[in-house]
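One structure below.
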Amino acid sequence: MRSSCSECSLEHSVLEMQSVTRLVVVFCLAALVSGAVVSNEPREADCALFPMLPVCTRELSEVCGDDGFTYSNECMLCLHNRENGLRVAVAWKGEC
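Just so we're aligned: 39 in the UniProt record's numbering is position 39 of the sequence shown, and the numbers increase by one with no gaps anywhere.
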């Protein structure tokens, strides 16, 4: 038997929190299953995004090449590949 409305309110709040927790867990699991998790495997640079090569912007959006060098952006990595006949891949976004 409930003795007051405050207990009802508390019980309702707890049930709402449990529902929200379940939703968060479901979304996290869906992200894991769908492959939204960052891969540790290097990926090929998407040089098709830069049709103006050899012209690249000066935007600083560093990528780490699988050669261990940091490139200021993916376009610069593509330019490096083009000028040197290489196939350096993007190991991850950010500094090496």
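Beta carbons are placed, not taken as given, at the ideal position from N, Cα and C, and that holds for glycine.
- Inter-residue CB distance, Glu59 and Asn73 (contact presumed, cutoff 8 Å): 5 Å
- Please state whether DSSP places Cys78 in a helix, a strand or coil. helix
- Query: How would you call Phe69, buried or exposed, if buried means at least 16 neighbouring beta carbons within 10 angstroms?
  - Reply: exposed
- Over what stretch of residues does the beta strand (DSSP E) that includes Ala91 continue unbroken? 90-93
- Exposed or buried, what is Leu49 when buried is set at 16 or more other beta-carbons lying within 10 Å of its beta-carbon? exposed
- Excluding the five sequence neighbours on either side, which residues of its own chain have a C-beta within less than 8 Å of the C-beta of Thr57, listed in chain order? Asn73, Cys75
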